[in-house]
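What follows is a short report on a single structure.
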Amino acid sequence: MFTTLFAKIAAVVKWFSDLFVAIFASLWHILTDLGCWVLEQCLGVAFDAVSAIDPGPISGAIGAFDQLPAEMINILMLLGFGEAMGIIGAALLIRMGLQLIPFVRLGS
Numbered sequence: 000m001f002t003t004l005f006a007k008i009a010a011v012v013k014w015f016s017d018l019f020v021a022i023f024a025s026l027w028h029i030l031t032d033l034g035c036w037v038l039e040q041c042l043g044v045a046f047d048a049v050s051a052i053d054p055g056p057i058s059g060a061i062g063a064f065d066q067l068p069a070e071m072i073n074i075l076m077l078l079g080f081g082e083a084m085g086i087i088g089a090a091l092l093i094r095m096g097l098q099l100i101p102f103v104r105l106g107s
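Here it is in structure tokens:
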């Protein structure tokens, strides 16, 4: 008689523990999905912002180098003008990226 009673109590305790594990797993999945949704929405806003930028003036400025004489372009490339512009562009992008992070705006 007691063996059957203890078996029923053990079955109920096991059912509650399985229920607790299932609830915890479901909440974990909900929270991770919520985090992914927030990240997806932020990236969607960033994509829309980047899509709104008109690259016309930038490509026009880059196209202005075609009007320079070949000798001048050769001297600029020998002096490392391309690498210098790449370094400056990367520095500006890093600075703009750091401006987006709160409490990093040190000295600017």
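To convert, note that position 2 of the sequence shown is 1 in numbering that gives the first Met the number 0; the numbers rise steadily by one, no gaps.
The C-beta atom is built at its ideal place from N, Cα and C for all residues, glycine as well.
(request) Return helix, strand or coil for Met-0, following the three-state DSSP convention. (result) If DSSP states are grouped into helix, strand and coil, Met-0 belongs with coil.
(message) Whole angstroms are fine: how far does the CA of Leu-18 sit from the CA of Ser-25?
(response) Straight-line spacing of the CA atoms in Ser-25 and Leu-18 works out to 10 Å.
(request) Tell me whether Gly-79 sits in a helix, a strand or coil according to DSSP, three-state version. (result) coil
(message) Considering just the uninterrupted stretch of the alpha helix (DSSP H) at Ala-60, what are its terminal residues?
(response) Per DSSP, the continuous alpha helix (DSSP H) segment holding Ala-60 begins and ends at 55-62.
(request) May I ask you to check if the CB of Ile-74 is nearer than 6 Å to at least one heavy atom of the ligand PLP? (result) As for the ligand PLP, it is missing from this structure, which has no ligand bound.
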